[in-house]
Amino acid sequence: MVAGGDVSMKIDELPRRSSLLPGNPSCQGCPHAIGLKALSVLENPVLIIPAGCTTIIAGIHPKAAFNVPVLHVPFASAAAVASGLAASYRKEGVEASIVVWMGDGAADIGFATLSGAAVRNEDIIVVVSDNEAYMNTGIQSSSTTSWKARTTTSPGGKSEEKKDLAAIMLMHRIPYAATASVGYLPDFINKLKRASEIDGFRFIHLHSPCPPGWRFDSSKTVEIARLAVKTGAWILWEYSGRFRITSPSKPYKDGSKRVPLEEYIKTQGRFKGLSEEDVEEIKSKIEEQWKFLLAFEEIFR
Amino acid sequence: MRTLLTGNYAVAEAVKLSRARVIAAYPITPQTTIVEKLAEMVEKKEIDAEFIRVESEHSALAAVYGSAVAGLRSFTATSSHGLLYMYEMVWWVANARVPLVMAVVTRTIGPPWNIHTDHTDLLTMRDSGWIISMAENVQEAFDLTVQGFRISEEAGLPFTVGMDAFQLSHTAEVVDLPSQQDVDAWLPERRQPYRIEPEDPVTVGCIGPNEYTAKLRCNMAREMEKAKELVNRVDEEFGKSFGRRYGGLVEEYRLEDADYAVVMTGAWSGDAKDAIDMLRKEKLRVGMLRLRYFRPFPQKELRKLLEEKEVLVVDRDFSMGHMGILGIEVSSAIGDITNVIAGIGGVDVGVDDFKMMFRKFADKKLRKIEWWPEEMFL
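Here the protein sequences line up with chains A and B, keeping their order. Read in order, the letters of the first sequence are residues 1 to 301 in this note's numbering. Read in order, the letters of the second sequence are residues 1001 to 1378 in this note's numbering.
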């Protein structure tokens, strides 16, 4: 049962057609394959995909896994290519929802590109489907990998902090920024819908637990995505003129309502062998993040 | 209309008259004034275009890739480190077969920091699938830019106009500027192999079997080969409309009866021509074959025009561990040559240098690979 009000959605409100076709080559339990279905709510989508897992999911020539236009582009270039498309469509009066769908890898290497496009307030939607490591190349540490998470380039656990990409993007003074989770698809769909009604640069940071990357069973993607929210480790919020913690995360403003963090951590191989002190440290980092976002909610009412 | 323009402003005028609709560029000396001029034209609505103020050269070429793929005539410009920073996109744009035009104001590569001309930056594009041209003067930089849109759109390959830092980019020369009407009549509507548009579920650039990549490269190679005829035809048709013909892939200067042929490219060819005129008066039969294009490479013209001549290739660039890059290229077509490396990092090479150089060449006093002037490198 999903907590909260506007996350519920009637079946007949869900998109009838998926722009991602069945039989695509995503892994079992792939969070991108879940998230990509939500794009179907957009009118006239044009998809820009930099290198990453979704390059594979998009299919192998002569077959294609999307029934919408797709432009594959180099790793760091996506938001700039999208800017060019947007300029042309604007000049020609073409109606389109240009969506850049990238992973945390493309967001790392293309961070300047992303920042530049945000500063120019380009008329595009950027979704960073964040599985918290470079999964397509085999689980290497990224800016958004959690502290202490084991990856192939941090075999003893990541020693650096996790970057709050969505908050950084918000600080570009863009008209729309939000976080979302593949565990709460109706919430993501609603955010995409709201984003699509706004002009300018729109950013959604989608939390996407990866079974092979985080080492959990592929049947548990949604469950783990929800545990991230229920434990307060991933916080859902939205900014579009005002900042608010959104429904699925609302109950967990109150720390006592949160599911114990251990429930989330113990399900994942990447956190295997964490000491009690480490877990306490993670809890205090989560607490800090809540303080930060609640202060935001207070400021941008 | 005859008017006084620097190379950079002439290129900006050519972009305007070619009715480019999207321009994205990041400033770098000595290309900056192209970008500034175009931004000003867009703001004053002298040109019906969007100007995207990108945060890097990588994004400059990425943005015009996007706008060109969406169907609009697009332009960018860069130099040296900017070109190297966008290098990934240079290849992507070519392999994606997207027509667009880029000006490269040639500048040496650091360290040390140095903003002056040599041709090493432009020549890094050699194998990427761009049609690569190089201007001798401001008028030619203008003409190549206008022709570039036509050639690029007909070949389905991107086109670059090279011109030397400062010697052309910042030097004002008298230019014959055609009217908008005349350019409109000469330059056809944009065409391109495909477009990315909403509701047309085309996928471009996806993974494919290895044979798919190989076939695409072979098609590209064939198209590049066909572009030789295209370049020559466009040069001829441009001549008919505007009264200026350059000779297509190569320009011949007092070459036919020459015993000694000099092969070179870029702005300094003008000084070398003056030296040739002087030496001719001294009864030394020197001529020039000026490379207007590096790609596609004019092997056939070289073999025909340089037959039974002593050939000196003057390079303003060098391939470390080998020889001058034009030297390599020309040897691949005609075999034995003498190669002078000069003007690296913008070192001034004037008419007197060329006179002395060509005289030494005729007297067989140059090494096979000679760094010029010898005394600088003792």
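For glycine and all other residues, C-beta sits at the position ideal for the given N, C-alpha and C. Given the structure is predicted, the values throughout are model-derived calculations rather than measurements.
I need the DSSP call for residue i, collapsed to helix, strand or coil.
i, result
"residue 1371 of chain B", "strand"
"residue 1192 of chain B", "coil"
"residue 1438 of chain B", "Absent from the structure is residue 1438 of chain B, since the part of chain B shown begins at 1001 and ends at 1378."
"residue 1217 of chain B", "helix"
"residue 1006 of chain B", "strand"
"residue 1001 of chain B", "coil"
"residue 1115 of chain B", "coil"
"residue 1337 of chain B", "coil"
"residue 1102 of chain B", "strand"
"residue 1174 of chain B", "strand"
"residue 1125 of chain B", "coil"
"residue 3 of chain A", "Bear in mind that a pLDDT of 40 at residue 3 of chain A, under 50, signals an unreliable position, so the model cannot answer this."
"residue 1312 of chain B", "strand"
"residue 1056 of chain B", "coil"
"residue 1319 of chain B", "coil"
"residue 1169 of chain B", "coil"
"residue 1363 of chain B", "coil"
"residue 1051 of chain B", "strand"
"residue 1202 of chain B", "coil"
"residue 274 of chain A", "coil"
"residue 1304 of chain B", "helix"
"residue 268 of chain A", "coil"
"residue 260 of chain A", "coil"
"residue 1090 of chain B", "helix"
"residue 224 of chain A", "helix"
"residue 1151 of chain B", "helix"
Could you list which residues in chain A have their beta carbon closer than 7 Å to that of residue i, in chain order?
i, result
"residue 1132 of chain B", "What residue 1132 of chain B touches in chain A: nothing, since even the nearest Cβ is about 21 Å away."
"residue 1024 of chain B", "84"
"residue 1088 of chain B", "74"
"residue 1101 of chain B", "Near residue 1101 of chain B there are no residues of chain A at all, since even the closest Cβ is about 14 Å away, more than 7 Å."
"residue 1082 of chain B", "Under the 7 Å cutoff, chain A gives no residues; its nearest Cβ is about 14 Å from residue 1082 of chain B."
Using a C-beta to C-beta distance shorter than 7 Å, which residues of chain B count as neighbours of residue i?
i, result
"residue 134 of chain A", "Near residue 134 of chain A there are no residues of chain B at all, since even the closest Cβ is about 18 Å away, more than 7 Å."
"residue 71 of chain A", "1069, 1196, 1204 and 1205"
"residue 178 of chain A", "Correct list: empty, because the minimum Cβ distance to chain B is about 24 Å."
"residue 263 of chain A", "Here the premise fails: no neighbours, minimum Cβ distance about 38 Å."
"residue 44 of chain A", "1198 and 1199"
Output, in chain order, the set of chain A residues within a Cβ distance shorter than 9 Å of residue i.
i, result
"residue 1171 of chain B", "Those do not exist, as residue 1171 of chain B stays about 32 Å from chain A at its closest Cβ, beyond 9 Å."
"residue 1021 of chain B", "87, 88, 91 and 92"
May I ask you to list the residues that DSSP assigns as paired with residue i?
i, result
"residue 1133 of chain B", "B:1161 and B:1293"
"residue 244 of chain A", "A:238"
"residue 66 of chain A", "A:20"
"residue 60 of chain A", "B:1207"
"residue 1077 of chain B", "B:1103"
"residue 129 of chain A", "A:103 and A:206"
"residue 73 of chain A", "A:50"
So with CB distances below 8 Å, who are the chain A contacts of residue i?
i, result
"residue 1053 of chain B", "120"
"residue 1200 of chain B", "69"
"residue 1187 of chain B", "Residues of chain A passing the Cβ test: none, with the nearest at roughly 18 Å."
"residue 1293 of chain B", "Result: empty, since nearest Cβ-Cβ is about 27 Å, beyond 8 Å."
So which residues of chain B does residue i contact, with C-beta pairs closer than 9 Å?
i, result
"residue 66 of chain A", "1201 and 1203"
"residue 172 of chain A", "By Cβ distance, chain B contributes nothing, its closest Cβ being about 12 Å from residue 172 of chain A, past 9 Å."
"residue 61 of chain A", "1203, 1206, 1207, 1208, 1209 and 1212"
**Message:** Count Cβ pairs between the region 16–26 of chain A and the region 166–183 of chain A that sit closer than 8 Å; are there 3 or more?
**Reply:** Contact fails: fewer than three Cβ-Cβ distances are below 8 Å.
**Segment contact flag, the region 1307–1327 of chain B with the region 1244–1251 of chain B, C-beta cutoff 8 Å, min 3 pairs** = Taking a cut-off of 8 Å on C-beta distances, the region 1307–1327 of chain B does not touch the region 1244–1251 of chain B, as fewer than three cross pairs fall below it.
**Message:** Which runs of the beta strand (DSSP E) at least 3 residues long sit entirely within the region 1233–1264 of chain B? Give them in chain order.
**Reply:** If we require 3 residues or more, the beta strand (DSSP E) runs fully inside the region 1233–1264 of chain B come out as 1250–1253 and 1260–1264.
**Request:** Write down every uninterrupted run of the alpha helix (DSSP H) in the region 135–206 of chain A whose length is 4 residues or greater and which is fully enclosed by it, in chain order.
**Result:** The region 135–206 of chain A contains these whole alpha helix (DSSP H) runs: 165–170 and 185–196.
**Request:** List in chain order: all unbroken beta strand (DSSP E) runs of 3+ residues lying wholly within the region 1014–1048 of chain B.
**Result:** Scanning the region 1014–1048 of chain B from its first residue to its last, the whole beta strand (DSSP E) runs of 3-plus residues come out as 1022–1024.
**Asked** With a cut-off of 8 Å, do at least 3 Cβ pairs link the region 1288–1303 of chain B to the region 1253–1266 of chain B?
**Response** Yes: at least three Cβ pairs fall under 8 Å.
**Prompt:** Between the region 1108–1121 of chain B and the region 1276–1287 of chain B, are three or more C-beta pairs nearer than 8 Å?
**Reply:** No, because fewer than three Cβ pairs between the region 1108–1121 of chain B and the region 1276–1287 of chain B fall closer than 8 Å, the two stretches do not touch.
**Contact between the region 1005–1013 of chain B and the region 287–295 of chain A (3+ Cβ pairs under 8 Å)** = Here the region 1005–1013 of chain B does not lie against the region 287–295 of chain A, with fewer than 3 beta-carbon pairs under 8 Å apart.
**Prompt:** What are the start and end residues of each continuous alpha helix (DSSP H) run of 4 or more residues lying completely inside the region 9–56 of chain A, in chain order?
**Reply:** Listed in chain order, the complete alpha helix (DSSP H) runs (minimum 4 residues) inside the region 9–56 of chain A are 31–37.
**Asked** Which runs of the beta strand (DSSP E), 3 residues or longer, sit entirely within the region 77–111 of chain A?
**Response** Correct list: 97–103.
**Item:** At least three beta-carbon pairs within less than 8 Å, the region 1294–1311 of chain B to the region 1188–1201 of chain B
**Value:** In this structure the region 1294–1311 of chain B does not touch the region 1188–1201 of chain B; the number of beta carbon pairs closer than 8 Å is below three.
**Asked** Is the region 207–216 of chain A touching the region 122–139 of chain A in the sense that three or more CB pairs, one from each, lie closer than 8 Å?
**Response** A contact exists between the region 122–139 of chain A and the region 207–216 of chain A.
**Item:** Three or more C-beta pairs below 8 Å linking the region 1125–1140 of chain B and the region 1200–1207 of chain B
**Value:** Touching, no, given that fewer than three Cβ pairs across the two stretches are closer than 8 Å.
**Prompt:** Three or more C-beta pairs closer than 8 Å, one from the region 1071–1090 of chain B and one from the region 1043–1059 of chain B: is that the case here?
**Reply:** Touching, yes.
**Message:** Runs of 3 residues minimum, wholly inside the region 1268–1293 of chain B: which ones carry the beta strand (DSSP E) assignment?
**Reply:** With a minimum length of 3 residues, the continuous beta strand (DSSP E) runs that stay inside the region 1268–1293 of chain B are 1286–1291.
**Request:** Decide if the region 160–173 of chain A is in contact with the region 65–77 of chain A; the criterion is three or more beta carbon pairs, one per stretch, under 8 Å apart.
**Result:** These segments do not touch.
**Cβ pair count under 8 Å reaching 3, the region 265–273 of chain A against the region 250–257 of chain A** = With a cut-off of 8 Å, the region 250–257 of chain A and the region 265–273 of chain A do not count as touching, because too few Cβ pairs lie within range.
**Request:** Could you tell me whether the region 78–92 of chain A touches the region 134–150 of chain A, where touching means 3 or more Cβ pairs closer than 8 Å?
**Result:** The region 78–92 of chain A, when compared against the region 134–150 of chain A, does not touch it at the 8 Å Cβ threshold.
**Message:** Whether or not the region 86–100 of chain A and the region 1232–1239 of chain B are in contact is what I'm after, with contact meaning three or more pairs of Cβ atoms, one per stretch, closer than 8 Å; do they touch?
**Reply:** Too few Cβ pairs lie closer than 8 Å, so no.
**Message:** Below 8 Å, how does it come out for the region 1155–1162 of chain B and the region 1092–1099 of chain B: are there three or more Cβ pairs, yes or no?
**Reply:** By the criterion of at least three beta-carbon pairs nearer than 8 Å, the region 1155–1162 of chain B is in contact with the region 1092–1099 of chain B.
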